Amino acid sequence: MLKGKMKFIIAIGAIAFAVAYLVYGGVRETMVYYLTVEELHARVPDVYGERVRVSGNVIPGTIKHGADGALAFSISDGAGAVDVNYNGIVPDVFKDDVEAVVEGVYSESGVFQADILLAKCPTKYESTDVLYNDQGTPQGTSY
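Numbering (numbering that gives the first Met the number 0), first residue to last: 0 to 142.
Next comes the structure, spelled out in structure tokens:
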């Protein structure tokens, strides 16, 4: 009877170890450092070839669309700038001066090769005073 319990405990331990190993491996593969442009430049040369995520505002006038669907632009956080090359689906809200998050690899040539591009939606809130006229009805309507 004792041998049966011991086999059961060993089997449960092996299963728990296997599950923990799979979870650790999955988390490690998807874990990506999130940096500002300034932090990216501060980590050179250690960051070369390492997968990172960088955030910054798209510098106006730098967006260039290639014939093959490639996109080149620059982002800045106010302290530094980085050139980005991206090939993929471009978000609808991507334009000059929008906050962008790119994920990929920073090369020794100083160009960030992105394979993921996210554009943050600008949030605009208006005061309710602006939305309603003096009679308390929404502007642009008449009752």
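All C-beta atoms in this analysis are idealised placements derived from N, C-alpha and C, irrespective of residue type, glycine included.
All values reported here derive from a predicted model rather than from experimental measurement.
Just the Cα atoms here: how many angstroms apart are residue i and residue j?
i: isoleucine 62; j: leucine 70; result: 7 Å
i: asparagine 56; j: valine 83; result: 12 Å
i: valine 53; j: aspartate 91; result: 20 Å
i: lysine 228; j: alanine 17; result: Residue 228 lies beyond the residue range present for the chain, which begins at 0 and ends at 142; the question has no answer from this structure.
i: lysine 4; j: tyrosine 20; result: 24 Å
i: glycine 103; j: aspartate 45; result: 15 Å
i: glycine 12; j: lysine 6; result: 10 Å
i: valine 101; j: glycine 25; result: 21 Å
i: valine 89; j: isoleucine 115; result: 9 Å
i: phenylalanine 111; j: alanine 10; result: 47 Å
i: isoleucine 58; j: glycine 68; result: 20 Å
i: alanine 41; j: phenylalanine 72; result: 21 Å
Considering just the uninterrupted stretch of the alpha helix (DSSP H) at residue i, what are its terminal residues?
i: valine 36; result: 36–41
Please state whether DSSP places residue i in a helix, a strand or coil.
i: phenylalanine 7; result: helix
i: glycine 25; result: helix
i: glycine 87; result: coil
i: isoleucine 74; result: strand
i: valine 18; result: helix
i: glycine 12; result: helix
At which residues does the beta strand (DSSP E) containing residue i begin and terminate?
i: alanine 66; result: First-last for alanine 66: undefined, no H or E at that position.
i: aspartate 114; result: 110–118
i: glycine 55; result: 50–57
i: valine 100; result: 98–105
Verify the contact flag: residue i, CB atom, against every heavy atom of the ligand FAD, threshold strictly below 8 Å.
i: methionine 5; result: By its list of ligands, the structure shown contains no ligand whatsoever, and the ligand FAD lies outside what it can speak to.
Would a C-beta distance cut-off of 9 Å place residue i and residue j closer than the cut-off?
i: serine 106; j: glycine 48; result: yes
i: alanine 99; j: alanine 80; result: no
i: valine 36; j: alanine 78; result: yes
Report buried or exposed for residue i, applying the criterion of at least 16 other Cβ atoms within 10 angstroms of its Cβ.
i: aspartate 76; result: buried
i: aspartate 128; result: The predicted position of aspartate 128 is uncertain, since its pLDDT is 49 and thus under 50; no value can be drawn from it.
i: isoleucine 8; result: exposed
i: alanine 66; result: exposed
i: leucine 39; result: buried
i: tyrosine 33; result: exposed
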